[in-house]
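Step one of this worksheet: look at the structure below.
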Amino acid sequence: MNNFKWPDPPSVDKYSVCVHCGLCLQACPTYLETGNEAQSPRGRVDLIKAVSEGRMAINESFIDPVFRCLDCRACETACPSGVQVGTLIEEARGQIRQAEPLTGFKGMVSSVFLKGIFPNPGRLKALGTLTRLYQKSGMRKLVRGTGAMRLLPRHLQDMERVMPEVSARTSREVLPPLVPAIGEKRGSVGLILGCVMDVLYADINLATARVLARNGFDVMVPQAQTCCGALQVHAGERPTAKLMARQNIDAFLEAGVDYIIINAAGCGATLKEYEDLMQSDQEYAHKAGQFVAKVRDIAEFLVEVGYEAPKGRVDVKVTYHDACHLAHAQKVRTQPRQLLHSIPGVELIEMRDSDVCCGSAGIYNLTHPDMAEPILDKKMANVPPEAEILVMGNPGCMMQMSVGVHRKAMDQEVVHTISLMDRAYEAEKRSGA
Amino acid sequence: MNQEQLVAELKNIVGLKEVIHKPDDLIAYECDGFTIVRARPRAVVFPNNTDHVAAVVKLLHNNRIPFIPRGAGTGLSGGATPINGEVLISLVKMNRLLSVDFKNRTAVVEPGHVNLKLTNAIAHEGYYYAPDPSSGMSCTIGGNVGENAGGPHCLKYGVTSNHVLGVEMVLPDGEIVTLGGTVPDMPGYDVTGLIVGSEGTMGIVTKIFVRILKKPQGVKTIVALYDSVDDASQTVSAIIAEGIIPGALEMMDRVAIEGVEAGNYPVGYPKDLAAVLIIELDGLTVGMEAMAEQIVDICTQFHVREVRVAQTDQERTLWWANRKTAFGAMGRISPDYMVQDGVIPRSRLPEVLQRISDISVESGLRIANVFHAGDGNLHPLILFNAANPGETELAVRVGSEVLQVCADVGGSITGEHGVGIEKQRDMIKIFTPEEIAAQVEVMRVFNPHNLCNPDKLFPKPSRCVEVKRAAHTH
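Chains as they are written, first to last, in the working numbering: chain A, 1 to 433; chain B, 1 to 474.
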């Protein structure tokens, strides 16, 4: 009867919470774009229920809505009953991937990236090195000059253009196993380096470590840690994600830190939901709970434990974009704004619909460019023209918004919240304040 | 005309991507907010303008294929459920705000325009659209017209029909007509008034001329917590008796409070509370303070446990978010629920609540009560589990019994949700067969072939001889 035949299926306890009221509709970017009920949160939950009750097979009419979901979870904020749409979608994707494993080119890409490269920091670094080689060796110039880029789809071209310069060394290589607290020690934290952050945005990890140390925390960097598994969970590759979760749980619990700090919204949400992921793992379900209790987003953490407001000035007008997995999944909205307000010279101009998805959604902009593009266009139209910097707390959004800035020929800088804090602390040091 | 030809013709009119027709792609369109009855439509079509609607309707009319207009599908009585395999004409893409005339306080919207978006679009000039159904963040104004939607503030400001000046409409044969207009008081019959609340049985509204209002100068929101439902009900009557008409006067009972507190917007109400009243004053700021004090006094006379005036906008917003998401929040405490929509004379509130409580005990099904208390508009939410054999049928029966109580005290079986398929049989509780037959006659003037949302609103002909007779005399 139930057409979900594999472990971890969407459960009746989760989908029966939905009473089909429809208050989620206007929060859903894909419903707003298509007007199609099947591409709405309650529609997707309805289809999950239909498959679960055997009224529907796992076929294209099911797979497309489930994979077209951005997993942005804005519907969870709108939902009166608190239906866990994100988890239901992720579990449904897990079922789909087992019912219909990816084959051909897609299967190759999926197994190379999701199973081969991301869970393996060494290989990830090798990819980073290749990218850096490409950027620095003159090959990029050559490729751009010859117009070879035009062979690629437009969204990949744009992404190539806005890809940050890969620094020579990953944050994993630069950071020592312990960055000692400055001044009186208040506790110890473990820093999650992530995958994209580690390679493409190493400087954000370094800034995070500096800010934490500046506020009295020993920053430990367990070497055995790996990528959090968010991309795998979102893609339905749950077995790989579970292996990664085990590795991270061991690495950080052994380190004996008071808190585990993450600066990427998507990763933060996944880390905080390790209990859901590991629920059927007898050995790790309990450990996952201990791990989750320590996880904090960097902005959430600073506000929770208290931080010393920077005395250095950064004179700039900024606007803040609420990354979906910060605002909707982790309910972290006020803390990043509080950090920004505490920087002397920073003027925060709110953008309309700041918590509506930018279309990045992990690798969604690569898998569903037709949908990601109009969603990004709407986002960029809401950026207040006077803002000089777009601030946010997630690397995926940073890439996507950079594509947006590039496409619209705007000139805003795209910056992580913690980097701006770091700038202010650095300014403080320079001024000797 | 077979399915293939139909789909081809529809695509021809609205465009290739604007028709959904594969059986499994239609599952999400089997019901609206009323989930007890499900049926799959023949197809869903997304017109982009009035001409599209007219062309689609003409095609369907000529081939005698039934059809239903559908907005956001937040309806609660199954008005948009395609029980005859109808083609659903989804109006969600006709969602534009066509014009606003601040000086004359009118606006023109397409039917798919979301209720709350109209207020958001005109708020910068200090205006708003008054009808505020609790689903306002999602429901469409076209749907509101279909169901004559109300909301917490209709106590003072009236329901949708009081705010619609006219409509452009496609008749069930594809002809486009305009009824009423942007000025009030057109001569002749109030046909616009007839269309509002007709549940899509007379045609498809494609443009709506609405009234907009200047925002009140001040707002004061008061929350009062009670240990007895009776005291809360007495307070409601006493406030109205004093001649005070609050902007809104809402009530929730113990089970409802349990639901909203488990939901996404908990206020932190004490667990052992019997009832909550939300009383909102709006209007001129002069004298509002005194009126708030007067209300606090009345609450105190009826043994209120605690009464508070909102100190911040944040507090007020939370109280309302908590109340407005009450239906949806029932998912937290029950797998299924059925919302009823009875209306009673306010003075009979305590007695009716007692009888509802008796029905709950007898049936063994929990009933949560959320009401627009000021209007006497009750929403008993009957909680059940469809997975238990026979429980759905029991819930339906309980709903009907509750409506019988409302009818017995001189009330009505629906205040704002419509009849749809949910309450067709309950119509005989308040109308004689002759009265129903007369209404069917009126419907037939517009919809002679019974193609536009057929078999809704009135008792099925097979169940009511008189209606059957009326239906076949044409």
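All C-beta atoms, glycine included, are put in the ideal place defined by N, C-alpha and C.
Just so you know, these numbers come straight off a predicted model, no measurement behind them.
- At least one CB atom of chain A sits nearer than 8 Å to the CB of B/Ser90.
- A/Arg210 and A/Gln290 have their alpha carbons spaced roughly 26 Å apart.
- The Cβ atoms of A/Ser52 and A/Pro7 do not sit closer than 8 Å to each other.
- Residue-level contact check: B/Cys406 does not touch chain A, since none of the beta carbons of chain A fall below 8 Å from its beta carbon.
- Spatial neighbours of A/Leu25 in its own chain (CB-CB distance under 6 Å, excluding positions within 5 residues in sequence) are listed in chain order as Tyr31 and Ser40.
- Around A/Leu340, the same chain offers Val346 and Leu348 as residues with beta carbons nearer than 6 Å, after the five sequence neighbours per side are excluded.
- Taking 8 Å as the cut-off, the beta carbon of A/Pro369 is found no closer than this to the beta carbon of A/Val196.
- Sequence-distant partners of B/Ile20 (beyond 5 residues in either direction) whose C-beta falls short of 7 Å from its own C-beta, in its chain, are Leu26, Ala43 and Val44.
- In this structure, A/Cys324 lies away from A/Cys79, with their beta-carbon atoms at least 8 Å apart.
- Closest in alpha carbon position to A/Cys228, among A/Ala241, A/Asp297, A/Val314 and A/Arg44, is A/Ala241.
- Taking B/Trp319 as the centre and dropping the five residues before and after it, the same chain places the C-beta of Thr221, Val223, Val267, Ile278 and Ala310 closer than 7 Å to its C-beta, in chain order.
- Between the alpha carbons of B/Asp455 and A/Met401 lies a distance of about 51 Å.
- Residue-level contact check: A/Ala329 does not touch chain B, since none of the beta carbons of chain B fall below 8 Å from its beta carbon.
- Put simply, the backbone Cα of B/Val398 is about 14 Å away from that of B/Leu353.
- In terms of beta-carbon proximity, B/Ser77 stays away from the interface with chain A, with every pair separated by 8 Å or more.
- Collapsing the DSSP output to three states places B/Cys406 in a helix.
- In the DSSP annotation of this structure, the continuous segment of the beta strand (DSSP E) that includes A/Arg296 starts and ends at Val295 to Asp297.
- DSSP, read as helix, strand or coil, puts A/Met371 in helix.
- Looking at the DSSP output, B/Thr106 sits in a beta bridge with B/Asp101 and B/Arg211.
- With contact defined as three or more Cβ pairs closer than 8 Å, the region 64-72 of chain B and the region 141-149 of chain B are in contact.
- Within the region 328-345 of chain B, Gly328, Ala329, Met330, Gly331, Arg332, Pro335, Asp336 and Tyr337 place their CB atoms closer than 8 Å to a CB of chain A, listed in sequence order.
- Contacts with chain A (Cβ-Cβ distance below 9 Å) from the region 27-59 of chain B involve Ile27, Ala28, Tyr29, Glu30, Cys31, Asp32, Gly33, Phe34, Thr35, Val44 and Phe46, listed in chain order.
- Scanning its chain for C-beta atoms nearer than 7 Å, with the 5 sequence neighbours on each side dropped, one finds around B/Tyr269 the residues Leu225, Ile257, Glu261 and Val276, in chain order.
- Spatial neighbours of A/Ile89 in its own chain (CB-CB distance under 7 Å, excluding positions within 5 residues in sequence) are listed in chain order as Arg44, Val66, Cys69 and Asp71.
- Spatial neighbours of B/Ala8 in its own chain (CB-CB distance under 7 Å, excluding positions within 5 residues in sequence) are not present.
- Distance from the Cα of A/Arg186 is smallest, within the candidate group A/Ala168, A/Tyr201 and A/Arg214, for A/Arg214.
- The region 379-392 of chain A makes contact with the region 311-321 of chain A; the number of CB pairs closer than 8 Å reaches 3 or more.
- DSSP places A/Lys5 outside both helix and strand once states are collapsed to three, so it counts as coil.
- For A/Glu60, the enclosing alpha helix (DSSP H) has its first and last residue at Glu60 to Arg68.
- Chain B places no beta carbon closer than 8 Å to that of A/Asn2, leaving this residue out of the contacts.
- The C-alpha of A/Arg140 lies about 6 Å from the C-alpha of A/Tyr134.
- Shown here for A/Ala264: same chain residues with a beta carbon closer than 6 Å to its own, the five before and five after excluded, namely Gly194, Met197, Asn394 and Pro395 in chain order.
- When the alpha-carbon of B/Val164 is set against those of B/Glu175, B/Leu171 and B/Asp185, the nearest one is in B/Asp185.
- With respect to A/Ser354, A/Asp322 sits close: the two C-beta atoms are nearer than 8 Å.
- Among the residues facing chain B, A/Pro80 is included, as its CB has a counterpart in that chain under 8 Å away.
- Among the residues of the region 111-127 of chain B, those with a Cβ less than 7 Å away from any Cβ of chain A are Val114, in the order of the chain.
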